[in-house]
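This report refers to the structure that appears directly beneath it.
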Amino acid sequence: MLGPSDSAARTSARFVCDFEPGTLISALIGEVRVGACHTVVDTGAGYRLRVGFMCGRYALPVDRDALGIYYEAWARDTAELAPNFNVAPTSSAYVVDEKGENRKLRVVSWGLVPRWAKDTSMQAKMINARSETVSEKPTFRDSFKESRCIIPALGWYEWQRAETSKTPFFHKMDSEPFVSMAGLLSAWKNPSTEEWLFTCAIVTRPAIDSLAYIHDRMPVLLEPKDFSLWLHGTTSEADALILKQPSGIQAYEVSSLVNATKNNDPTLLTPVNG
DNA sequence: CCAGACGTTGTT
DNA sequence: GTCTGG
DNA sequence: CCAGACGTTGTT
DNA sequence: GTCTGG
Numbered sequence: 003m004l005g006p007s008d009s010a011a012r013t014s015a016r017f018v019c020d021f022e023p024g025t026l027i028s029a030l031i032g033e034v035r036v037g038a039c040h041t042v043v044d045t046g047a048g049y050r051l052r053v054g055f056m057c058g059r060y061a062l063p064v065d066r067d068a069l070g071i072y073y074e075a076w077a078r079d080t081a082e083l084a085p086n087f088n089v090a091p092t093s094s095a096y097v098v099d100e101k102g103e104n105r106k107l108r109v110v111s112w113g114l115v116p117r118w119a120k121d122t123s124m125q126a127k128m129i130n131a132r133s134e135t136v137s138e139k140p141t142f143r144d145s146f147k148e149s150r151c152i153i154p155a156l157g158w159y160e161w162q163r164a165e166t167s168k169t170p171f172f173h174k175m176d177s178e179p180f181v182s183m184a185g186l187l188s189a190w191k192n193p194s195t196e197e198w199l200f201t202c203a204i205v206t207r208p209a210i211d212s213l214a215y216i217h218d219r220m221p222v223l224l225e226p227k228d229f230s231l232w233l234h235g236t237t238s239e240a241d242a243l244i245l246k247q248p249s250g251i252q253a254y255e256v257s258s259l260v261n262a263t264k265n266n267d268p269t270l271l272t273p274v275n276g
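Quick note on numbering: the first sequence equals residues 3 to 276 in this note's numbering.
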């Protein structure tokens, strides 16, 4: 059982709690069930549970053709996007999808608009879809069943929160050129203009232990050998891929320049000595 | 029947 | 579109 | 995700 | 505090 003196556990262990988030747990710490998702912060006045952050920004400073080759996807007809070190919600982004035998690279807007939406006002909040509930939620379930995609990135950013600070980290693969995030794709027809808008969301999961000191959630990551199954497998097969434990991820602190979306250059990826 | 929601993360 | 609440 | 705005009337 | 824009 974790105690206040267990400093290693304070920085890296994760917990499930049975009480209201934010409750001071100095008197309750003996009752915390170790298992997932929360870190303990010493506030001086006691111990507080803290949750981490989620993938709300990523980098894709890569051209269309490199993605087409890596993902074995048709990219010749895809619009060229500028290299982007700071992809934000509602930004244009590349995804890989597969209709029948045709795997192609597609330009979409990040933040899923379900096909029945009246407008795009909720888009910026729909950047993540929890894997635990994605097959049930009205906003995501149709896309999960019929229109899964891969969202490529060089890596993703997370902000580690402390009592008075927030520190961005960049996450990338050790030995793959890209992070392949499990995604959902949706096509929405604007009722006014009759134009189609393609949008996507990143499927998320609890963070693996080695990343828990930064945040408690992470994207579902796909291995190259599983790309096809994610894109056209059954929902059961997709569920199985969600449950796989990812590995080979490195994370390092970066400059808070990334906070402002107007900043968009290679220095955002430069490691900071923490 | 119609009206209204439909989501995630992190806050206290 | 589809489900829940009134 | 973070940064930045947060308003009206009347005018072109 | 909460919403919009990037």
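All residues carry an ideal CB built from backbone N, CA and C; glycine is no exception.
| Check | Outcome |
| --- | --- |
| Residues of its chain near R117, where Cβ-Cβ distance is below 8 Å and the 5 sequence neighbours each way are ignored | D144, S188, A189, W190, K191 |
| C39 to R150 span [Cα, whole Å] | With a pLDDT of only 35 at C39, under the threshold of 50, the placement of this residue in the model should not be trusted; the figure read from the coordinates follows. If you take the alpha carbons of C39 and R150, they lie about 26 Å apart. |
| Per-residue burial, A262 [other beta carbons within 10 Å of its own, 16 or more giving buried] | exposed |
| Limits of the beta strand (DSSP E) - the one that L271 falls within | Where L271 is concerned, there is no enclosing beta strand (DSSP E), given that its DSSP letter is neither H nor E. |
| Environment of I168 [buried if 16+ CB atoms lie within 10 Å] | The question names Ile, but residue 168 in the sequence shown is Lys. By the neighbour-count rule (16 or more Cβ atoms within 10 Å), K168 is not buried but exposed. |
| Continuous alpha helix (DSSP H) stretch holding R219: start and end | First-last for R219: 219-221, but that is the beta strand (DSSP E), not the alpha helix (DSSP H). |
| W158 beta carbon less than 9 Å from that of Y60 | yes |
| Spatial distance of V115 from T141 (CA atoms) | 8 Å |
| E201 vs V222 beta-carbon contact at 9 Å | In the sequence as displayed, the identity of residue 201 is Thr instead of Glu. Result no, Cβ atoms of T201 and V222 do not sit closer than 9 Å. |
| Residues bridged to A95 (per DSSP) | V110 |
| Simplified DSSP state of P226, which is helix, strand or coil | helix |
| Whole-angstrom distance between P170 and V89, CA atom to CA atom | 14 Å |
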